[in-house]
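The first sequence begins at 0 in numbering that gives the first Met the number 0 and counts up by one.
Even glycine gets a Cβ: it sits at the ideal position worked out from N, Cα and C.
Since we're looking at a predicted model, the values are computed, not measured.
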Amino acid sequence: MGSQNSVRVRFAPSPTGPLHMGGVRTALFNYLFARQKKGAFVLRIEDTDQTRYVKGAENYIIESLRWCGLEFDEGPVQGGAFGPYRQSERKEQYREFADLLVEKGHAYYAFDTAEDLDKARKEAESQGQTFSYGTGSRLSMSNSLSLSDEEVKQKLEAGEPSVIRFKMPDEVVDVEDEDMIRGKVSFKTSDLDDKVLFKADGMPTYHLANVVDDHLMEITHVIRGEEWLPSMPLHVLLYKAFGWDKPVFAHLPLILKPQGKGKLSKRDGDKLGFPVFPLKWTDPESGEVAAGYREDGYFPDAFINMLALLGWNPGTEQELFSKEELIDAFSFDRVNKAGARFDPEKARWFNHQYLMKRSDEELAGLFGPFLIEKGITPPAVDFLSRIVALVKERVSFVHELWDQSFFFFVAPESYDSKVAKKRWKGDVPAFMGKLAVFFKDWNGEWKAEALKEEVSSMIKAGELNFGAVMNSLRLAMVGGSFGPDLFTIIEMLGQDEVVSRIEKAVDELGG
RNA sequence: GGUCCCUUCGUCUAGUGGUUAGGACGCCAGGUUUUCAUCCUGGAAACAGGAGUUCGAUUCUCCUAGGGACUGCCA
């Protein structure tokens, strides 16, 4: 076992495309556990299937985890004492372990072609059954158990393609394991088949590679998705066959789609308009683009917080957790067994909470590029920060700041007709003209409070409807019935701009 | 079909034999606000069904139903 029993966990994705948010959550739970136990978090790339390799996927995975703030201690980029960290680079070692199993009588060679297997499956299917390569059928297939030693030797020497299969015990035994999340889980070997461990192309399958590497890398806890639960007994048997200590397993519940049946997929995101991937991904083959949380404006800590609460809860009413708090509070016995439906609305809410926590200065800095995109030169940081402070509680994303604050940068181009119809009538238009003059002639300090006081007394003196005037004035300033405190806007806009906007409104809406 | 896993408000969930079944998101209503948003208050909303065990089941057991995963020389 590992030196001084320290915890070592790994996240072992396959570089077959962008990392799904479910994968990110798996990485997160591994990370939280490792950090809490002062252990190591390892990234291992499971690229034993050359046919499914997708260019850029590994990079994407690494960048995604970095964006999420899940830094690992060992991995393909920075290396470590247990490298290499790509299975393709560990290729040589697997054959010898597979052979070892054959020697020990726990595995055997099989020569059946893909066509043979296909045929067997179809045949079984036509009889309403499912073909299983295992104790009941292996003697009727082509392998080192059914063939004579001579035949086997001949085939092997002739270089005939062959795979190595695990030999399930002939006697029925119960394979049990204590899962950190599910407790006791048990399978009967009679229900299991002889899985391929080593492929004809010279590469191991996931099952062999994962067990060998987890052992060699001294992984103490295997934390992975529930989709691996059915192969748990095979892995347990593999550890036993090798005579190795097995790690502790934890199978995480799945993340389900917001509506309908099944697990969350890319299609759900397209359909309901939310990302399924941490980062934007452009498929190198088709050029198809998939949205990412980062590009959609989510903060990484909000994303992580939301993910952590999907399947785990602290048992208290706290919902907002920093990464450090998560590390501290996380526990497998508070991870749910049932799959969790993803709720895009709540994801939004999390982001809103995190946006509110950000300082105005930081948000102003993030807002700048959006202004430039609109052709506006961002004002000084302290001024932009004041604007952000006024509107940030109305948005969930930085990019939404524009819709709530555009009027600080440009005069409204149109006026909400419903508001105009309701407010801009009677004595109001004429009064607006007076207001323009009033503001123009104002000699005092240009401050919200003083201006408000003056305008209020003017309204009273003229016996006008307070709401109608205020809303009309707002209409002139922002173009509608929204936005922060009116006189704060007026103060920030400045005397000339305010006068010009009122004149423009009188011009367009009538005076 | 087979194997395994799962089942509390629409959703995420608390609950570990006796609770008015709690919180959050969303939704609705009222209040605050010159508007909108925030905020505050309130509201509707759940133990899948059936048998047991028990003085008493959301909680324990079994069955049924439903959901999910797996069932590749993919991971």
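Based on Cα-Cα distance, which residue from the options lies nearest to residue i?
i	options	result
I557	A208, T134, D173 and G182	Because residue 557 is not part of the residues shown, which for the chain are 0 to 510, the question remains open.
E95	L196, A33 and V41	L196
W280	K37, T50 and I60	I60
Y107	M167, A123 and R65	M167
E399	K118, G135 and Y297	Y297
V247	P203, D178 and E284	D178
V454	N442, S185 and F437	F437
K260	R340, F40 and S358	R340
L325	G432, F407, N304 and G182	N304
K103	G242, F486 and L253	G242
E444	E490, P368 and S404	E490
S185	D193, K194, V172 and D192	V172
I488	G432, I386, S189 and S147	I386
Q92	G201, A504 and G127	G201
T204	G182, H234 and R223	H234
D192	R181, A449, R223 and S136	S136
N29	A419, M431 and L64	L64
R7	D212, E159 and Q128	D212
E150	F130, T134, F110 and I163	F110
N470	A199, E225, K420 and W441	K420
Y292	P12, L18, P14 and A11	L18
K336	D295, G224, T315 and F465	G224
M431	H105, R500 and R34	R500
F165	Q352, K187, L236 and W401	L236
Does the Cβ of residue i have 16 or more other Cβ atoms within 10 Å, making it buried, or fewer, making it exposed?
i	result
E462	exposed
L271	exposed
A475	buried
T50	exposed
Q86	buried
V174	buried
Q403	buried
K121	exposed
M216	buried
T25	buried
L69	buried
N350	buried
V221	buried
P283	exposed
R422	buried
V497	buried
M0	Residue placement at M0 cannot be trusted, given a pLDDT of 43 that sits under 50; the coordinates are not used to answer.
S138	With the sequence shown as reference, residue 138 is identified as Leu, and Ser is not the correct amino acid for it. With fewer than 16 Cβ atoms within 10 Å of its Cβ, L138 is classed as exposed.
K198	buried
V505	buried
V288	exposed
What is the C-beta distance between residue i and residue j, in whole angstroms, given that I count them as a contact (C-beta under 8 Å)?
i	j	result
G509	P428	6 Å
L255	G338	5 Å
S161	K154	7 Å
S230	H206	6 Å
L362	V397	6 Å
A379	D359	That pair is no contact at about 13 Å.
Leaving out the 5 sequence neighbours to the left and right, which residues in its chain are closer than 6 Å to residue i when beta-carbon positions are compared?
i	result
R347	S395
F273	P343
R9	V41, R43 and I218
H214	W243
S73	The question names Ser, but residue 73 is Glu in the sequence shown. Counting only Cβ-Cβ distances below 6 Å, and skipping sequence neighbours, we find V41 and G79.
L228	H250
F407	I386
D511	Missing from the structure shown is residue 511; the chain here goes from 0 to 510 and no further.
For residue i, which residues in the same chain have their Cβ closer than 8 Å to its Cβ, ignoring the five residues on either side in sequence?
i	result
D115	M140 and S141
P83	P75 and R89
C67	V23, A26, L27, P277, P299, F302 and I303
D495	none
S5	K36, K37, G38, A39 and T219
D415	L474, G478, G479 and S480
Y52	P14, T15 and D46
Short of 7 Å in beta carbon distance, which residues of its chain neighbour residue i, apart from the five on each side in sequence? Order them along the chain.
i	result
M355	K391 and E392
S2	Here the model assigns S2 a pLDDT of 47, short of 50, so the residue's position is not dependable and the matter cannot be decided.
E318	L308
F465	I458
P257	D267, L271, R340, F341, D342 and P343
Runs of beta strand (DSSP E) lying entirely within the region 410-490, each at least 3 residues, in chain order:
none
What are the complete beta strand (DSSP E) segments, minimum 3 residues, inside the region 239-320?
247-251
Entirely enclosed beta strand (DSSP E) segments - the region 53-110, minimum 3 residues:
106-109
In chain order, each beta strand (DSSP E) run of at least 3 residues that lies wholly inside the region 120-170
162-165
Residue ranges of each alpha helix (DSSP H) run of no fewer than 4 residues wholly in the region 324-389, ordered along the chain?
343-356 and 359-372
For the region 159-230, list the beta strand (DSSP E) runs that are entirely contained and at least 3 residues long, ordered along the chain.
162-165, 173-178, 182-187, 195-197 and 220-224
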